[in-house]
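Be aware that the sequence shown starts at 22, since it is given in this note's numbering, and climbs by one per residue.
Notes to accompany the following structure.
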Amino acid sequence: MPSPSGSQVLVKVKAVGVCHSDLHLWEGGYDLGDGTFMKVTDRGVRYPVTPGHEIVGTVHEAGPDAEGVSAGDQVLVYPWVGCGRCVACGNGNENLCDTPRSLGVFQDGGYAEYVLVPSHRHLVGVSGVDPEGAASLACSGLTAYTAVKKANANSPEFIVVVGAGGLGLMGVQIAKAVTGAKVVCVDLDDAKLRTAGELGADFTLNSKDPRTDRRIISICNGTGADSVIDFVNAPATAKLGLSVLRKRGNLVLVGLFGGSVELSLVTVPLKAITIQGAYTGSYGDLVELLELARQGRISPIVSKRYPLGEANAALDDLRERRIVGRAVINP
Numbered sequence: 022m023p024s025p026s027g028s029q030v031l032v033k034v035k036a037v038g039v040c041h042s043d044l045h046l047w048e049g050g051y052d053l054g055d056g057t058f059m060k061v062t063d064r065g066v067r068y069p070v071t072p073g074h075e076i077v078g079t080v081h082e083a084g085p086d087a088e089g090v091s092a093g094d095q096v097l098v099y100p101w102v103g104c105g106r107c108v109a110c111g112n113g114n115e116n117l118c119d120t121p122r123s124l125g126v127f128q129d130g131g132y133a134e135y136v137l138v139p140s141h142r143h144l145v146g147v148s149g150v151d152p153e154g155a156a157s158l159a160c161s162g163l164t165a166y167t168a169v170k171k172a173n174a175n176s177p178e179f180i181v182v183v184g185a186g187g188l189g190l191m192g193v194q195i196a197k198a199v200t201g202a203k204v205v206c207v208d209l210d211d212a213k214l215r216t217a218g219e220l221g222a223d224f225t226l227n228s229k230d231p232r233t234d235r236r237i238i239s240i241c242n243g244t245g246a247d248s249v250i251d252f253v254n255a256p257a258t259a260k261l262g263l264s265v266l267r268k269r270g271n272l273v274l275v276g277l278f279g280g281s282v283e284l285s286l287v288t289v290p291l292k293a294i295t296i297q298g299a300y301t302g303s304y305g306d307l308v309e310l311l312e313l314a315r316q317g318r319i320s321p322i323v324s325k326r327y328p329l330g331e332a333n334a335a336l337d338d339l340r341e342r343r344i345v346g347r348a349v350i351n352p
């Protein structure tokens, strides 16, 4: 049992989300396409490491310099810990740090009974929010929120959400909550598409249909989508996103499925499209997102729960697409 020093806080874990990033850590890396595999150790990960970055729990003990927290407080952990010295950290974007120290990736995370959080600055109170649902907001929700904010930059009439997994379903909810756009959700799974419709998607399409691109363009006034958020980011989905963008369109790539695509370079300037990535979000974004949950404007979905001893089963179920929404592990 670690003893917190300085501003460190020891949190007793109530629930930790099961995330695709945990799969990459488990499997050792990322598919970059063209037969290239990037190992997580090339990014600075050092095994052994305890996964789990979507952590909610109770303050067990606070270090002598920790401020604003007391034993018994229910908290959500902001896991995207930065170095505190680079330009990104100085601008409040620890998630984009040059030398990150993220919990559950670069240092031990929440697949455990207790987790040592580096500082009280990485905790947010979760009063008024379902704690288990709040866990997913630290990554799944936060990533979706950041992606939607980027997609909303061009005041879209239509946003296409590709993927109706945990990220995509949260993206649908957030897009309906914070934009005025009509939301088109695309996935391979009809059951997940039904859930997307229940959560507010105005149109749902199964991408097995070879006419999916034409149907999207037709829905979007015949000119194409203003913004596409690709929560899968595989070769096929990225190609679909590019094909349905209207002039001045905005493609936000989020998922880490991997692979590569050929890009028609001339069309980028001729159509004046924007292609950008979205990687988690800032601490301030997380505070904003929690407020949306408190107001009931978004409702994180927890569909499965596992004891800590079944962590491998949880990861297997995620890899085999047997989870709708989000699963959590309860240590």
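Glycine residues also receive a C-beta, built at the ideal position from the N, C-alpha and C atoms.
Because the structure is a prediction, the values reported are computed rather than measured.
Run of the alpha helix (DSSP H) containing C110, from where it starts to where it stops: Per DSSP, the continuous alpha helix (DSSP H) segment holding C110 begins and ends at 108-111.
Pairwise C-alpha distance: L31 and H81: Each residue's Cα considered, the two are about 6 Å apart.
Coarse secondary structure for I237, derived from DSSP in three states: Helix at I237.
N175 - DSSP class collapsed to helix/strand/coil: It is helical.
Reduced DSSP category for M59 - H, G, I as helix; E, B as strand; rest coil: Note: M59 maps to strand in three-state DSSP.
Rounded straight-line distance, which links the Cα of A133 to that of K268: Roughly 48 Å between the two C-alpha positions.
Helix, strand or coil at D52 according to DSSP, with G and I counted as helix: In the three-state DSSP reduction, D52 falls in the strand class (E or B).
Same chain only: Cβ atoms within 8 Å of R342, ignoring 5 sequence neighbours per side: For R342, where only same-chain residues beyond five positions count, the Cβ hits under 8 Å are G186, D210.
CB-CB length for V205 against I250, believed under 8 Å: Contact between V205 and I250 fails: their C-beta atoms lie close to 11 Å from each other, not under 8 Å.
For S161 and G50, the rounded distance between their alpha carbons: Whole-angstrom Cα-Cα distance: 19 Å.
Helix, strand or coil at Q297 according to DSSP, with G and I counted as helix: The three-state reading of DSSP puts Q297 in strand, counting E and B together.
G346 vs I322 beta-carbon contact at 8 Å: Going by C-beta atoms, G346 is nearer than 8 Å to I322.
Per-residue DSSP class, three states only, for E82: E82 falls in the strand class under three-state DSSP.
Which of helix, strand or coil DSSP assigns to K203: Strand at K203.
Residue burial classification, A222 (beta-carbon count within 10 angstroms, cutoff 16): Its Cβ being crowded by 16 or more others within 10 Å, A222 is buried.
Nearest residue (CA-CA) to V282, options S264, S123, A299: The shortest C-alpha separation from V282 is found at S264.
Within the segment 259-347, ranges of the beta strand (DSSP E) (whole runs, at least 3 residues): If we require 3 residues or more, the beta strand (DSSP E) runs fully inside the segment 259-347 come out as 266-274, 295-298, 323-328.
N116 beta carbon less than 8 Å from that of S303: Going by C-beta atoms, S303 is nearer than 8 Å to N116.
Nearest to D119 (by Cα), restricted to the options R64, L190, N227: Measuring from the Cα of D119, the nearest candidate turns out to be R64.
Cβ-Cβ distance between G392 and H74 below 8 Å: Limits of the chain in this structure are 22 at one end and 352 at the other, which puts residue 392 out of reach.
Local Cβ density within 10 Å of Y166, reported as buried at 16 or more and exposed below that: Looking at its Cβ environment, which holds 16 or more other Cβ atoms inside 10 Å, Y166 is buried.
8 Å Cβ cutoff met for D43 and G280: Cβ distance not < 8 Å, so D43 and G280 don't count as in contact.
Sheet register partners of A212 (DSSP bridge): Residue pairing of A212 in beta bridges, as defined by DSSP: absent, with no partner found.
Cβ-Cβ separation, L226 to I237 (assumed contact under 8 Å), whole Å: The C-beta distance from I237 to L226 rounds to 7 Å, short enough to fall under 8 Å.
Three CB pairs or more closer than 8 Å across the segment 84-99 and the segment 134-152: Output reads yes: the segment 134-152 touches the segment 84-99.
Same chain, Cβ closer than 6 Å to I294, neighbours up to 5 away in sequence not counted: Residues of the same chain with a CB within less than 6 Å of the CB of I294, apart from the 5 flanking positions on each side, are L266, G270 in chain order.
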